[in-house]
Amino acid sequence: MFHSIIFSIPQFFLLIQTTQSTFNSLKSIVIQVKGDCAIIGDKIAQEHGYRYVRQIFDGYCEIEEDPSSPNHIRHRRAIENGIDPAHILLNHEHVEWAESQIPKKRQKRDYVYNDPEWEKMWYLVRHSRTPNLPDLNVTGAWTMGYTGRGSVVTFLDDGLEYDHPDLLENYDKEASTDINGGDDDPSPRYEPSNENKHGTRCAGEVSAKANNQICGVGIAHHARVGGIRMLDGDVTDSVEARSISHRPDHVDIYSASWGPDDNGLVVDGPGVLARKAFENGILNGRGGKGSIFVWASGNGGRSSDSCACDGYITSIYTIAVSSVTETGTKPWFLEECSATLASAYSSGQGGTGDHDIITTDLHHGCTEHHTGTSAAAPLAAAIYALVLEANPKLTWRDIMHITVLGSRSNVIPSNTEIVKNAAGFNVSSKYGFGLMDAGLMTWYASGWKNVPAMSSCETPTSNPKKTIAAHSAEIFSMDSNECKLDSDIKRQVNHIEQVQVFITLTATFRGTIEIYLDSPANTTTQLLPKRDRDRNDQGFSNWAFLTVQLWGESPHGEWRLKVSNTGDGSAVLESWRVVVHGTREYPISARSSPEITRPDCHVECNVNDTCGNTDTSCASCRHYKQPLADGKFRCVGICPEGSYSSAADKSCYPCHPQCGSCRNASENSCVSCKIGFFLIHDTMLCVDSCPPNYYIDRKLRKCVRCKSDCASCDTNSYICSSCPNGYALKDADCVKAAQACKPEEYFDFTTNTCRWCDSRCKTCSGSQAYQCTSCDTNSKFRFLQYHTCVNACSPGFYRSEATSQCLSCHETCSDCTSSNDSACLSCKLGYDYVPDTHRCEKHIGKPYYIDPKTGEKRTCHGSCTQCKGPQPNDCIACNPITEVLLEEGHCVNECPSGTFVNATQTDSLPINICLPCLTGCKKCTSSELCIECDSSKGYNISGLYCTPTCLAGTFLLNTKCVPCQDPCVTCSNASSCLTCKNNLFLLHDQCVKKCPDGYYLNKKECLQCHPICGNCTGSSEYDCEMCADGFIFDKKQNRCLSLCPNGNFYDKFDEMCKMCTSNCLECLYPGSHCRQCSYPLSLDMSTHQCVSCCTANLSNSDCCQCPSIWDGFCVHPLALPSTSKWWLTAPIDEIRDKFSKLDHSRQTVIMVLLMVFLIIISIILILLVLCQFKFSCNCWKSRNNQHKGADYILLGDLDED
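Residue numbers (UniProt numbering): 1 to 1201.
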């Protein structure tokens, strides 16, 4: 009875799941009838054991099996006999058609990738899973088939780890270069802090490969991606220009996440060269359609910075991208300005639960923590790659229009300060026109017609020279009739795109100024918010503020400028003017207004004047006029190197002869220098040698100021080569000297005294001949060459009488009169001297060397690209593609074993030379990275190095085996022995003649006695020969006993008994090494701590297993959890798991049913017991009645009969 009850309970739980699935899988059939489903359909259903469910269409009724119907047996029999119940229903006179409804497998057409981080990329997938949460709607673009094919994106950054397995397939070499390193390899410079990770992270957001089980998925995972390494070094105007203008014929989108300092103090932007690079990209990039420049709006929000003071953001050629957090809040780093066009997702405040952006990382890694606006701009660049795939004919301005239309301002909860302009667009200084929608933008792009050509109109400059007093504001106005009445249609603007306001303003505190602009349609846009940290008194000098918030409005009418001074100082508005960029015709139209051009005009000619098909046959120019030597002029889009553009007459005029580029014709307006001269950035002068407190950066052709405590420096600004008076050179720093030294002395920190300079030096920074800081002009060695006084300059240097120095010639000259490239007297090897120009030009033809005996030129061996002689095969450079150079000067096809290829650049000549690997390395890729060791010589790989297998008696020091020091026989290092000489014993890691007290000898090693022993013969407390202090030897127990009472220990330092830790009856040390515990705690012999006994069969750090009869000690080893294999364990666990997966309501129903079931069972049991008891009583009574008055005899009597 009880066994059956026990078994019924698990069966009940097992049946619950089956019953539930049965209820959820009732068979349904759709029948077609003539008439009303609710009447005829219901009648047919009841006749066959079904119930009527619903009408699908007129006459089409859905019915479902009804197990409670008395006619349900018909359905069940049909199923058991393998008959489709629908076939039985077809026999009914009112059924014209019937079909059983069979579940069909249907797969959601959702994007599921096997990349491990895909599910965490919330900014791509969350809207499809939670419709009320927005994302970038990238899947909308993917659904239309756009994944970036044909688009090329490059990142102006700190390098690109292009061999990253998630990037390699999409890497585009043509879109990559290394401006910092001067080669074509954009790989970042690796260092411990992984500082140069930025470019690799940005690239992964765009083109990380999909479905390769690596990291995440790039938005445009079929786009090509490149990297321009330009941030890992001095960033000059030239560096920026070269980066921005890299391959505009090949690159579609340039993404940059950098700019001036985001500290709220700086007002800065691109220089002359960078601005020209932008213009060139817009005019000539992408086959004339214009390069797309995507720029992060800045991370200075915490410093109250504004991107209005960032000239890269306020350029009309860039797309400024802001950011928003996962929860739609304003990121702490966000900078506000009216130039922001749109927003993408980025990271949030730490601790808020907002997730960051997932992307590739250095060392072939993956990160979930890409942050800042730096993470938002690449997402925008990736969306533009999708847009260009949808329509490759889009111009740079088409992209901006599509961004305005395809961004959503209403999906960002924190976007509350919205300006609704007169054209109906919602825009804000935080998020521009809103969150970018990739699906919507690609939809617009797929059917887009190019907008009309851009027109620009400019108001006359207003010069109010008006003072704005403290805590007051002034309003200034001007009319823009030029935009409507100008006879040149290129200057007629009816529909605004971007508005620039050029302002010159002085202020006591620049950061207290706020500037607002009111359009003719009365839309107010804030050009400059207050910047609390900016206390600069320089103001703004013709600074171009930009707003896109007037997009689509009309520019005709009165413009009003409001300047508010919120500080205590004063401000003066010196001048202002408005430049409006937009279109003459309505830009978004099914019919695009054709640009009025003349097919026989050159692109740089003014189309409204007489013109020809060359740039020198124009009557007037579209952009700039470059005067020629014959009195004529050439029309150019940008002024060439060595000239500057004049805004007054749109002409190009020559810079100062030493300037490579400039702002005007004066000598102190250079932006870069010609070859042979170096730019002093502070004074904008080009000089042939740098002043004493500067060093020469020859690659950038500039003078870099040394750090403030250096008098001079050589290789970089923070390594001093000489010091000012009162300071002395210590290592590479200038340190205050303890005493002042004479001019011909230097201070020696090792002796703290002044010492004489070398005899060649007049003044010096140290004792060596190469530490001179000046030379005696009356001595034999009167010229200073790289801190050495010489009597004649070395080859490659020329003598400067003015400075008494030997200065470097141009890199091509071996002898010269100045550092200019046109001052050569002879050339370095590989160059030919041109007497007419005094220049050295690269030798064209077969390489040669000079025969030292005859002075004649002799041809190098065919394998050499340069050789030095005296033999033709004494190469110094080989064919960089097919051959490498051995150290002894021969060219071979590949480096031999034990060497690696080292690629260098010398005198503009690439050299691949074989250099040796480290000792023991058989195969390496650099001197620091070994990939195979020479095992035949006993070397094994250890990290990046090869370490030898050291013989007995030696130990490994760095990568070499070094003999052990006497008296060690074997050792682990110079001071730690492992074994000792025959007459010595090992104590810890030292060799001793005798084991000290408290130690015993075991196999030539001194081991410590038990703590209670003073001397001993073994490790046990029963091996004591003499007791430690505080203990006395007990002969009966043959052990040392404590002199202190229970619960105390003997303190050797105070020579007195002290209390043990609570619960410890006997101990050796305070708080540890308990030897006996008070009941009910037990002693854990492994830790010598008193712990409680575990109540369950599972041990942890707070309890231990104890024997069934307490003896004060834990059971060791500690008991493991039960591994019982009772046959019911698995079924019960399975039932428990199924029950836990049900929702709360179903669990409640089951528990109620179970309780009812158990109550019923209990009642039945009670009734059964009562019945059994009653039956037993009746039987006993009947037996008594039956045998009442009977005679009983012994059984033995029967046998006798």
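Each residue gets a CB set at the ideal place from its N, CA and C atoms; glycine is no exception.
H164 lies in the beta strand (DSSP E); which residues open and close that run?
Careful: H164 lies outside any beta strand (DSSP E) and carries neither H nor E.
In the DSSP assignment, find the unbroken alpha helix (DSSP H) run with T403 in it and report its ends.
Looking at the DSSP string, the run of the alpha helix (DSSP H) that includes T403 is W396 to L405.
Could you give the distance in angstroms between the alpha-carbon of V962 and the alpha-carbon of S897?
26 Å
Buried or exposed, going by whether 16 or more other CB atoms sit within 10 Å of the CB of W396?
buried
Output needed for G285: all residues of its chain with C-beta closer than 7 Å, excluding positions within five of it in sequence on either side, in chain order.
P248 and S291
Hey, would you say the C-beta of S1092 is under 7 Å away from at least one heavy atom of the ligand NAD?
In the structure on display, the ligand NAD does not appear, and there are no ligands present to speak of.
Go ahead and pull the three-state DSSP assignment for I513.
strand
Is the separation between the beta-carbon of S455 and that of V579 shorter than 8 Å?
no
How many angstroms separate the CA atom of L978 from the CA atom of C991?
9 Å
Can you confirm whether L405, when its beta carbon is compared against all beta carbons of chain C, has any partner nearer than 8 Å?
No chain C is part of this structure, which consists of one protein chain only.
In chain order, what residues of the same chain have a beta carbon less than 8 Å from the beta carbon of L167, not counting five sequence neighbours either side?
L160, E161, T200, A203, G204, S207, A208, K209, V225 and T360
Exposed or buried, what is H787 when buried is set at 16 or more other beta-carbons lying within 10 Å of its beta-carbon?
So H787 ends up on the buried side.
Round the Cβ separation of T899 and C875 to the nearest angstrom and send it over; I've been treating them as touching at under 8 Å.
16 Å between Cβ atoms; not a contact.
For R491, which three-state DSSP category applies?
Three-state result, R491: helix.
So V217 packs on M121, CB below 8 Å; how close in whole Å?
7 Å
Would a C-beta distance cut-off of 8 Å place G49 and S28 closer than the cut-off?
no
From V687, C775 and N716, pick the residue whose C-alpha is nearest to that of S819; which is it?
The residue with the shortest Cα to Cα distance from S819 is V687.
In this structure, does DSSP put D907 in helix, strand or coil?
Since pLDDT at D907 reaches only 49, below the 50 mark, its modelled position is unreliable, and no value is offered.
Where do the ends of the beta strand (DSSP E) carrying S446 lie?
Segment A438 to S446 is the alpha helix (DSSP H) holding S446; no beta strand (DSSP E) there.
Identify every run of the beta strand (DSSP E) within the region 16-76, keeping only runs that are complete inside it and at least 3 residues long; order them along the chain.
28-33, 50-57 and 60-65
Could you tell me the boundaries of the alpha helix (DSSP H) in which R533 lies?
Careful: R533 lies outside any alpha helix (DSSP H) and carries neither H nor E.
Among residues of its own chain, excluding the 5 on either side of A381, which ones have a beta-carbon nearer than 7 Å to its beta-carbon?
V153, V206, I253, S255 and V294
Since F633 is in the beta strand (DSSP E), which residue starts that stretch and which ends it?
F633 to V636
Could you check whether the region 524-538 touches the region 445-465, counting it as contact only if at least three pairs of C-beta atoms, one from each stretch, sit closer than 8 Å?
no
Answer with buried or exposed for P599, where buried requires no fewer than 16 other C-beta atoms within 10 angstroms of its C-beta.
Reliability fails at P599, whose pLDDT of 43 lies under 50, so the model's placement of it is uncertain and no value is given.
Out of C703, G796 and G432, point me to the one whose CA is closest to H810's CA.
G796
Between which two residues does the alpha helix (DSSP H) harbouring E205 extend?
Its alpha helix (DSSP H) spans residues H198 to S207.
Roughly how many angstroms separate the alpha carbons of G300 and C618, rounded to a whole number?
For G300 and C618, the distance between alpha carbons rounds to 47 Å.
Might you give, ordered along the chain, the residues of its own chain that have their beta carbon closer than 6 Å to the beta carbon of E932, omitting 5 neighbours on each side?
Close CB contacts of E932 within its chain, under the 6 Å cut and outside five residues either way in sequence, are with K922 and K923 (chain order).
Excluding the 5 residues flanking T601 on each side, which residues of the same chain have their C-beta closer than 6 Å to its C-beta?
Rather than Thr, the amino acid found at residue 601 in this sequence is Cys. The answer, listed in chain order, is V607 and C611.
May I ask you to verify whether the region 788-807 touches the region 655-662, counting CB pairs closer than 8 Å and requiring at least 3?
no
By DSSP, does D1023 sit in helix, in strand, or in coil?
helix
Considering just the uninterrupted stretch of the alpha helix (DSSP H) at P378, what are its terminal residues?
Looking at the DSSP string, the run of the alpha helix (DSSP H) that includes P378 is T373 to A390.
Hey, quick one: how far does the alpha helix (DSSP H) through E482 stretch, first residue to last?
Looking at the DSSP string, the run of the alpha helix (DSSP H) that includes E482 is E482 to L485.
Since M121 sits in a beta bridge, which residues does DSSP pair it with?
Note: M121 sits in no beta bridge, so no partner.
Would you list the residues sitting across from Q626 in a DSSP beta bridge?
Beta-bridge analysis with DSSP links Q626 to R634.
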